[in-house]
Amino acid sequence: MPYLHEYLTASSHRRPDHVAIEDPGVAQVTYRDLDRLSDKLRDRLRRLGVRPGDRVGIAVRKSIDSVAAIFGIQKCGAVHVPVDASGPLERTVLIFENCAVRAAIVEARLVEPLRAATDRRELALLALEFEAGPLPLARALEGSGGPGSAFHGANEAWGPDELAYILYTSGSTGKPKGVMISQRNATAFVDWCSDAFAPREDDRFSSHAPFHFDLSVLDIYLPLKHGATLVLISEANGKDPLTLAELASKSRITSWYSTPSILSFLTQFGRLERHDWSALRTIHFAGEVFPIKHLRALKDRVPHPRYFNLYGPTETNVCTFYEVPREIPAERAVPFPIGQPCPHYRHRVVDSEGNDVTRGEEGELWVSGPGVMMGYWNAPDRDDEVFRHDAEGRRWYRTGDVVVEPPDGNLIFAGRRDRMVKKRGYRIELAEVEAALYRHPEIREVAVVARRDEENGVRIQAFLSVRGSRPSAVQLKRFCAEHLLDYMIPDQFTVLEAMPKTSTDKTDYQTLKEMA
Amino acid sequence: MRAYILKEFLPGEDPEQLTDSLPLVTGRILDSLATLRLVAFLEETFGFEFSAHEVGAQNLDNLNLIASFVESKRR
Numbered sequence: 012m013p014y015l016h017e018y019l020t021a022s023s024h025r026r027p028d029h030v031a032i033e034d035p036g037v038a039q040v041t042y043r044d045l046d047r048l049s050d051k052l053r054d055r056l057r058r059l060g061v062r063p064g065d066r067v068g069i070a071v072r073k074s075i076d077s078v079a080a081i082f083g084i085q086k087c088g089a090v091h092v093p094v095d096a097s098g099p100l101e102r103t104v105l106i107f108e109n110c111a112v113r114a115a116i117v118e119a120r121l122v123e124p125l126r127a128a129t130d131r132r133e134l135a136l137l138a139l140e141f142e143a144g145p146l147p148l149a150r151a152l153e154g155s156g157g158p159g160s161a162f163h164g165a166n167e168a169w170g171p172d173e174l175a176y177i178l179y180t181s182g183s184t185g186k187p188k189g190v191m192i193s194q195r196n197a198t199a200f201v202d203w204c205s206d207a208f209a210p211r212e213d214d215r216f217s218s219h220a221p222f223h224f225d226l227s228v229l230d231i232y233l234p235l236k237h238g239a240t241l242v243l244i245s246e247a248n249g250k251d252p253l254t255l256a257e258l259a260s261k262s263r264i265t266s267w268y269s270t271p272s273i274l275s276f277l278t279q280f281g282r283l284e285r286h287d288w289s290a291l292r293t294i295h296f297a298g299e300v301f302p303i304k305h306l307r308a309l310k311d312r313v314p315h316p317r318y319f320n321l322y323g324p325t326e327t328n329v330c331t332f333y334e335v336p337r338e339i340p341a342e343r344a345v346p347f348p349i350g351q352p353c354p355h356y357r358h359r360v361v362d363s364e365g366n367d368v369t370r371g372e373e374g375e376l377w378v379s380g381p382g383v384m385m386g387y388w389n390a391p392d393r394d395d396e397v398f399r400h401d402a403e404g405r406r407w408y409r410t411g412d413v414v415v416e417p418p419d420g421n422l423i424f425a426g427r428r429d430r431m432v433k434k435r436g437y438r439i440e441l442a443e444v445e446a447a448l449y450r451h452p453e454i455r456e457v458a459v460v461a462r463r464d465e466e467n468g469v470r471i472q473a474f475l476s477v478r479g480s481r482p483s484a485v486q487l488k489r490f491c492a493e494h495l496l497d498y499m500i501p502d503q504f505t506v507l508e509a510m511p512k513t514s515t516d517k518t519d520y521q522t523l524k525e526m527a
Numbered sequence: 351m352r353a354y355i356l357k358e359f360l361p362g363e364d365p366e367q368l369t370d371s372l373p374l375v376t377g378r379i380l381d382s383l384a385t386l387r388l389v390a391f392l393e394e395t396f397g398f399e400f401s402a403h404e405v406g407a408q409n410l411d412n413l414n415l416i417a418s419f420v421e422s423k424r425r
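Residue numbers (the numbering used here), protein chains in the order written: chain A, 12 to 527; chain B, 351 to 425.
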């Protein structure tokens, strides 16, 4: 199917009364009702003037409503731009202005602050009142009936190579950058998942990742394409391993997908041995390296499902995958490989000149295929940095990840070639954290480094030199909370008299890393 | 408890900054992993178990709340 929203419509025709989404303890919705709700939103958006290609923001907690919003927007042929509804307002405004959203569906509490923070009067806001009970989207659309037909590409100048959604990730210039994913990019990924994991109608998929994070693409579309059920996990439940373990077990989840950090939390703090995991068939993990110690502990407690390591930046979604063997050899101390390229991808491992390295040597991973993003929103310079065209006209995406390709073809992740790090599966450009801290009036110089420890994963440490009085760590954390998403806030602040410098008077990150 | 929080999560901080009512979770002083480590520390030190839904700002947001929660669990 060329369009994501057709997955929902087709499943709704096939099994209208089956539960499409469960929001445990809140509500559930059938395929028919989800399809109708998103139709109503499509009609409302059209009346608000939304046209194919327009961007529509979503700043709404994870809910049946936010899934319906995504499909309603797509049914207009428009582009959805999900943001963290609980993140700093400043970031939401920056994203909405960066891609010039035509309309936005937002939690009611955000309407006033958004209006005050933006001078774009033509921005149409649809407010959802979660405080007044479940399914606020249905209430917001009451009385908005009227005819409307499903958007169809053939009827308008519109095709599968058009933009489907924009996901904003951490940017090295200090501002988030918008990764543009087309309908074809996304469906290539979802259709590969169908082939690789053969979902069934009785499957129950977890939705752990937030919708502004690319793991959610599998969560949302794969179950809805196959007429299965999506079980939503709220942000609060997702962070609390005791509640999360209970919820996942009681909800009889069959297919789990999250970052290794969450699985490590569950293993260490979730008392997994007290729950029944017999329904679980598959565990997918992605976003970062899974330390073997925690993976082994998890497999000891929950041995029977198949475990898959999925790898790929937001720009490609998953581009390589690896199935973890049934038994982890006792002597294995290093993480498992990221595996072989998915069949819709080609890959190269290249040196700094862009020439293929000798097999077995370290090099940067380049990939090419229908899953590679269209580019970054309104940032042709960045596109030039990451895309390379070969003599045959094939477009390659430079992942920035350094890998090794051993004789068995299962690629091994060996690090980054820049200053991007992953913490709990989230991308952090250390320069974005520095840019936020530079806005603090007392800070003269700042340098942020990451260090890895086995127990806590990646820790972010900020080194500062200050102008006058020394700000407290409490005050600095609060300052960061106003400008950065939670996972970007440094774990530790260290004030120095002066920043160490290299012979060319640049910040000496090497020394700082040794100090961390 | 105060010493543990300072040592683990606010190294080098002036102890006076950690007041009894300083919001730790909602003020984003503790991230989710830090909160879990605090929970494990409290369970081990005071010999009780948190149940699901008890791990959250309602019981852990400041030193006062933590103290009364621990007190109620030990009773």
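Every residue gets a Cβ at the ideal spot worked out from N, C-alpha and C, and that includes glycine.
Euclidean distance between Cα positions of residue i and residue j
i	j	result
D28/A	R43/A	6 angstroms
L48/A	L56/A	12 angstroms
K51/A	I116/A	14 angstroms
A308/A	T278/A	7 angstroms
L274/A	S514/A	44 angstroms
M526/A	R387/B	24 angstroms
D214/A	D392/A	43 angstroms
H305/A	P346/A	10 angstroms
R481/A	F107/A	35 angstroms
T293/A	R317/A	5 angstroms
N166/A	D230/A	Because the pLDDT of N166/A is 45, which lies under 50, any placement of that residue in the model is unreliable, and the number read from its coordinates should be weighed accordingly. If you take the alpha carbons of N166/A and D230/A, they lie about 30 angstroms apart.
V190/A	N409/B	39 angstroms
G164/A	G68/A	Interpretation of G164/A is limited by its pLDDT of 46, a score under 50 that renders its predicted location unreliable; the figure taken from the coordinates is listed afterwards. G164/A and G68/A: Cα-Cα distance of roughly 22 angstroms.
Listed by chain order, chain B residues near residue i by CB distance under 8 angstroms
i	result
D500/A	The sequence given here places Ile at residue 500/A; Asp does not occur at that position. Within 8 angstroms Cβ-Cβ: R378, D381.
K488/A	G377, R378, I379
Whole-number beta carbon distance between residue j and residue i, since they are thought to touch under 8 angstroms
i	j	result
L243/A	D34/A	5 angstroms
Y387/A	F398/A	Not really, about 10 angstroms apart at Cβ, beyond 8 angstroms.
V506/A	A461/A	At roughly 19 angstroms, the Cβ-Cβ gap does not stay under 8 angstroms, so V506/A and A461/A are not in contact.
G382/A	N328/A	6 angstroms
S193/A	P171/A	7 angstroms
G374/A	V361/A	5 angstroms
P63/A	G83/A	Their Cβ separation, rounded to whole angstroms, is 14 angstroms, which puts P63/A and G83/A out of contact at 8 angstroms.
T518/A	K512/A	7 angstroms
P145/A	V37/A	5 angstroms
L137/A	V112/A	So it is not a contact: roughly 12 angstroms between Cβ atoms.
Of the listed residues the options, nearest to residue i (C-alpha basis)
i	options	result
E123/A	H16/A, R113/A, L139/A, L45/A	L139/A
V300/A	T265/A, N467/A, L152/A, P417/A	N467/A
E445/A	V459/A, R438/A, H355/A	V459/A
Q521/A	P210/A, R430/A, G170/A	R430/A
D502/A	P511/A, K86/A, A484/A	A484/A
L178/A	D54/A, E326/A, V78/A	E326/A
A402/B	T331/A, L441/A, G249/A	G249/A
R131/A	A151/A, R120/A, N109/A	N109/A
E456/A	G479/A, R470/A, V469/A	G479/A
A473/A	H305/A, E142/A, L487/A	L487/A
L121/A	H223/A, A143/A, L100/A, A111/A	L100/A
M12/A	H91/A, D65/A, N196/A, A119/A	N196/A
T369/A	V414/A, D225/A, G426/A	V414/A
S181/A	N421/A, P340/A, H223/A	H223/A
P452/A	V469/A, V477/A, R428/A, R435/A	V477/A
Q85/A	A149/A, Y18/A, P418/A	Y18/A
Minimum Cβ-Cβ distance from residue i to chain A less than 8 angstroms
i	result
V405/B	yes
S422/B	no
A402/B	yes
L386/B	yes
L346/B	Since the first and last residues shown for chain B are 351 and 425, residue 346/B lies out of range.
Listed by chain order, chain B residues near residue i by CB distance under 7 angstroms
i	result
N467/A	L383
Q503/A	P361
Per-residue contacts from residue i into chain A (C-beta, under 7 angstroms)
i	result
Q367/B	S483, V485
A390/B	F280
Neighbour flag for residue i against chain B, beta carbons, 8 angstroms
i	result
D497/A	yes
S23/A	no
A492/A	yes
E443/A	no
F276/A	yes
E257/A	yes
Beta-carbon neighbours of residue i, restricted to chain A and to distances below 8 angstroms
i	result
D364/B	S483
L415/B	Simply none; closest approach about 16 angstroms.
Notebook entry, point to check: Of all the residues that make up the region 244–255 of chain A, which are near chain C by a beta-carbon distance shorter than 8 angstroms?
Noted result: Among the protein chains in the structure shown, which are A and B, there is no chain C.
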